[in-house]
Amino acid sequence: MAKKWLSNQNAEKPRVRRIGSLVNQLMARRGYAQASAGEEMLQSVVAVVGTEIGNDCRVGKLRRGVLQVYVTDSATLQELNFQRRGVLRRLQKDMPDSNITDVRFRLQSS
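Numbering of the sequence shown is given in the numbering used here, commencing with residue -6 and proceeding in unit increments.
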């Protein structure tokens, strides 16, 4: 009978976790890491196209290797499409772990 009580007592003990794993889990749940990565991606785009065009851009989601970049007007969209290869190369160079295979530029809906 005493052994059964000891096994129940061990089952009720809280599991001890490292603080680093808890912080990583919180960042993933809240999306803090994605916001930081999005800012880095935007900086890479601005480095290629310049600040004048880069100020009109907003980085969207990365799905299946395709990064969505939203722009404010069609002239900016056209200029970014001309510079697509350079933007893609820069993103792949700056963030090799993100596995970006393509960049799609879209007009931002207002």
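Yeah, the Cβ is synthetic: ideal placement off N, Cα and C, and Gly gets one too. Owing to the predicted nature of the structure, the values given are computational and were not obtained by experimental measurement.
9 angstroms Cβ cutoff met for residue i and residue j
| i | j | result |
| --- | --- | --- |
| L35 | G47 | yes |
| R77 | V59 | no |
Same chain, Cβ closer than 8 angstroms to residue i, five either side skipped, listed in chain order
| i | result |
| --- | --- |
| Q66 | In the sequence as presented, Gln is not what sits at residue 66; that position holds Asp. Cβ within range, chain order: D49, L100. |
Beta-carbon separation (whole angstroms), residue i vs residue j, contact threshold 8 angstroms
| i | j | result |
| --- | --- | --- |
| F98 | L73 | 5 angstroms |
| V41 | R83 | 5 angstroms |
Same chain only: Cβ atoms within 6 angstroms of residue i, ignoring 5 sequence neighbours per side
| i | result |
| --- | --- |
| D87 | S37 |
Residue i to residue j span [Cα, whole Å]
| i | j | result |
| --- | --- | --- |
| R10 | G53 | 33 angstroms |
| Q75 | R51 | It should be noted that the sequence gives Phe, not Gln, for residue 75. Using only the alpha carbons, I get a separation of about 18 angstroms. |
| P89 | G79 | 15 angstroms |
| V64 | T94 | 20 angstroms |
| E45 | V62 | 16 angstroms |
| G43 | Q85 | 18 angstroms |
| R57 | I12 | 31 angstroms |
Contacts around residue i, its chain only, beta-carbon distance under 7 angstroms, and the 5 residues preceding and following it disregarded
| i | result |
| --- | --- |
| G31 | V52 |
| V39 | G47 |
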